[in-house]
Amino acid sequence: MSDLALDIAQTAARLVVEQGLNLGAAKQRALRELGLGSRTPLPTNELVEAQIHEHLALFCADTQPAELAALRAHAREWMLRLADFRPHLGGPVWHGWATRLSDIDLALFCDDPKSAEIHLLNLGLRYEVGTQPGLHGHPVDVLSLHSHCPGLDEDVGVHLRIYDLRDQRGALLPDAQGRRPRGDLAALDHLLAQGG
Amino acid sequence: MSQASSSPTSGRSSRRLLLGAGLVAAAGGAGLAWWRHRPAPPLPGAQLDFWQEAFETPDGQPLRTIAWQGKPLLVNFWATWCPPCVEELPMLEAFWQARRAQGWTVLGLAVDQPSSVKRFLQTRPLSFPIGMAGLGGTELSKRLGNSMGALPFSVLFGKDATILKQKLGKLDQSDLDQWAQAAA
Chain B
1357 MSDLALDIAQ TAARLVVEQG LNLGAAKQRA LRELGLGSRT PLPTNELVEA
1407 QIHEHLALFC ADTQPAELAA LRAHAREWML RLADFRPHLG GPVWHGWATR
1457 LSDIDLALFC DDPKSAEIHL LNLGLRYEVG TQPGLHGHPV DVLSLHSHCP
1507 GLDEDVGVHL RIYDLRDQRG ALLPDAQGRR PRGDLAALDH LLAQGG
Chain S
2 MSQASSSPTS GRSSRRLLLG AGLVAAAGGA GLAWWRHRPA PPLPGAQLDF
52 WQEAFETPDG QPLRTIAWQG KPLLVNFWAT WCPPCVEELP MLEAFWQARR
102 AQGWTVLGLA VDQPSSVKRF LQTRPLSFPI GMAGLGGTEL SKRLGNSMGA
152 LPFSVLFGKD ATILKQKLGK LDQSDLDQWA QAAA
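First to last, the protein sequences are chains B and S. Reminder that position 133 of the first sequence reads as 1489 in the numbering used here, one-by-one numbering, no gaps. Reminder that position 118 of the second sequence reads as 119 in the numbering used here, one-by-one numbering, no gaps.
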């Protein structure tokens, strides 16, 4: 690993923690903050995440664990509400580096891609529709909504990635570090039981 | 690492982007609005079974539906996280205040976490009975004709203990006026 990559990763990690940016945006912003050209090779997500953990341990050790616990509890509520759609938690709340600025990132695996949206409508929930790069390299519809997180006593974003049932194949394959990229309710409960 | 870790609101603080959600949202669901189904008939036996149901109040006191059998009973399924549910609660409160002397009951069944309901009631108290139905409340509401598991969902039981009216989605005052006559 080059010193430059580490510098970028450290700056990006700070931006993720302090401003709630996602990894991609934080890396780009870090280049600008460091006065580097936009074609500078970027550090891997794994390196940035390692720096995030370090930053949290140094500067947020007194607040972050409780914030993470509040977000995980709230993610669990949403997973129960959306249980029919095979919800899987991913992102910082799953991986453990979420702070109160982080959003909840859920992947839903639906028999009928419109069914989750119809369910939200039936519950009177207001949401925004977007598209993001998803699993297996295909774009995926994302339904985003506000939700009051009781443990934080403030609104957080909840993002529902709407996958097809067949996309579930491979969705739990470990990443380069051998971690599962997302987990279902049972996996989250396992994490919570371990004190996570 | 996989894409799952990047927030869908790329490039900006997600919290800021979501501030605009209310405006865009209407468009989000507009094409699907026709999906809001009408209530279905209650499942066989569901009306009888309803009078065997028991719940706890937010304070942990037992609530038994049998106590209200033979009187008009409006059952409202709601949740603290469901905006139209929260919007109609003051109207239900007023309805109950106006009719409790005539033997009416409004029963709010919260399809929600007890802790969330308690916190909600601290700032927005309700005087009609609230039962903690939990997520199992969705199943009960489905048996009573809420085939889509929507919220809010309201059911009116008449003096003969059968269902007179059902409403999927938010009630309005004209619904309540009609219901008051139907069960008078």
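Ideal Cβ placement from N, Cα and C applies to all residues, glycine included.
Going along the chain, which residues of its own chain have a beta-carbon closer than 7 Å to the beta-carbon of A1365/B, five neighbours each way excluded?
Contacts found: P1399, L1403, V1404 and Q1407.
Distance cutoff 9 Å, beta carbons only. Does W180/S sit that close to anything in chain B?
For W180/S, the answer is no, since every Cβ of chain B falls outside 9 Å of its Cβ.
Judging by CA-CA distance, which residue of L1508/B, A1361/B, W1450/B and L1414/B is the nearest neighbour of R1581/B?
Nothing about residue 1581/B can be reported from this structure: the residues present for chain B run from 1357 to 1552 only.
Enumerate, from N- to C-terminal direction, the unbroken beta strand (DSSP E) stretches of 3 or more residues contained entirely within the segment 1483-1516 of chain B.
List check, beta strand (DSSP E) in window: 1484-1489 and 1495-1505.
Can you list the beta strand (DSSP E) stretches of 3 or more residues lying completely in the segment 55-142 of chain S, in chain order?
Taking only runs of at least 3 residues, the beta strand (DSSP E) segments lying wholly in the segment 55-142 of chain S are 55-57, 63-65, 74-79, 106-111 and 131-133.
What does E1433/B reach in chain D if we use C-beta pairs closer than 7 Å?
In the structure shown, chain D does not exist; the protein chains are B and S.
Less than 6 Å between C-beta atoms, sequence neighbours within five positions excluded: which residues of the same chain meet that for V1372/B?
For V1372/B, where only same-chain residues beyond five positions count, the Cβ hits under 6 Å are A1382 and I1408.
Quick check for students: name the residue ranges of the alpha helix (DSSP H) that lie wholly in the segment 1395-1437 of chain B, counting only runs of 4 or more.
Qualifying alpha helix (DSSP H) stretches, in chain order: 1401-1415 and 1420-1437.
By Cβ distance below 6 Å, which residues in the same chain neighbour Q151/S in space, the five residues on each side in sequence not counted?
Residue identity differs from the one stated: residue 151/S is Ala in this sequence, not Gln. Excluding sequence neighbours, A151/S sits near L169.
Considering D1461/B, what are the terminal residues of the beta strand (DSSP E) in which it resides?
Element bounds for D1461/B: I1460 to C1466.
Quick check: what's the CA-CA separation for A1413/B versus G1507/B?
So the alpha carbons of these two residues sit roughly 21 Å apart.
Name the DSSP beta bridge partners of G1446/B, please?
For G1446/B, which the question treats as bridged, DSSP gives the partners D1461/B.
Just to confirm my understanding: we take H1451/B, look at its own chain, exclude 5 residues before and 5 after, and list those with CB closer than 8 Å. What are they?
Correct list, in chain order: E1405 and R1535.
Grouping DSSP H, G and I as helix and E and B as strand, with all else coil, what is Q182/S?
Helix.
Could you round the C-beta distance between F154/S and F78/S to whole angstroms and report it? I think they count as a contact, below 8 Å.
4 Å between Cβ atoms; contact.
Could you check what DSSP says for D1531/B in three-state terms: helix, strand or coil?
Looking at D1531/B - three-state DSSP - the assignment turns out to be coil, as it is neither helix nor strand.
Considering just the uninterrupted stretch of the beta strand (DSSP E) at S1471/B, what are its terminal residues?
That residue, S1471/B, is in no beta strand (DSSP E); its alpha helix (DSSP H) goes S1471 to N1478.
Are I1460/B and L1445/B close, meaning C-beta to C-beta below 9 Å?
Their beta carbons are under 9 Å apart, which means I1460/B touches L1445/B by this criterion.
Report all residues from its chain with a CB closer than 8 Å to the CB of P1530/B; omit the five preceding and five following residues, and keep chain order.
The answer, listed in chain order, is R1536 and P1537.
Could you please give me the residues that DSSP links to L157/S through a beta bridge?
Per DSSP, L75/S and K166/S.
Between W82/S and chain B, is there a C-beta pair that is closer than 9 Å?
Chain B contact via Cβ: present.
Looking at chain S, is there any beta carbon in it that lies within less than 9 Å of the beta carbon of G1452/B?
It does not: the Cβ of G1452/B has no partner Cβ on chain S nearer than 9 Å.
For the segment 1478-1503 of chain B, enumerate the residues whose C-beta is nearer than 8 Å to any C-beta of chain S, in chain order.
Listed by position along the chain: N1478, L1479, G1480, L1481, R1482, Y1483, E1484, V1485, G1486, Q1488, P1489, G1490, L1491, V1498, L1499, S1500, L1501, H1502 and S1503.
Which residues, taken in chain order from the segment 131-153 of chain S, show a beta carbon closer than 8 Å to some beta carbon of chain B?
For the segment 131-153 of chain S, which is checked against every Cβ of chain B, the residues closer than 8 Å are L136, M149, G150, A151, L152 and P153.
Quick one: Cα of A185/S to Cα of A162/S, how far?
Taking the straight line joining both Cα atoms gives about 13 Å.
Quick check on the DSSP output: the alpha helix (DSSP H) that includes D1359/B runs from which residue to which?
First-last of the alpha helix (DSSP H) with D1359/B: D1359 to Q1375.
Roughly how many angstroms separate the alpha carbons of L1462/B and W69/S, rounded to a whole number?
Each residue's Cα considered, the two are about 42 Å apart.
Let's see if you can read the secondary structure: which residues bound the alpha helix (DSSP H) around G1380/B?
Taken as a continuous stretch (DSSP letters only), the alpha helix (DSSP H) holding G1380/B covers L1379 to E1389.
Which residues does DSSP list as the beta-bridge partners of D1520/B?
D1520/B is bridged to C1466/B.
Report the rounded CA-to-CA distance for A1368/B versus E1389/B, giving the unit in angstroms.
Roughly 9 Å between the two C-alpha positions.
Could you list which residues in chain B have their beta carbon closer than 7 Å to that of P91/S, in chain order?
Those do not exist, as P91/S stays about 16 Å from chain B at its closest Cβ, beyond 7 Å.
Can you round the beta-carbon distance between H1411/B and R1442/B to whole angstroms, since I take them to be within the 8 Å contact cut?
At roughly 33 Å, the Cβ-Cβ gap does not stay under 8 Å, so H1411/B and R1442/B are not in contact.
Quick one: Cα of G1539/B to Cα of W105/S, how far?
Between G1539/B and W105/S, the C-alpha separation is close to 47 Å.
Taking L1436/B as the query, report the chain S residues whose CB atoms sit under 8 Å from its CB, ordered along the chain.
Within 8 Å Cβ-Cβ: L136.
Determine the chain B residues that contact S117/S at a beta-carbon separation under 9 Å, and present them in chain order.
Chain B residues near S117/S: E1433, H1504 and P1506.
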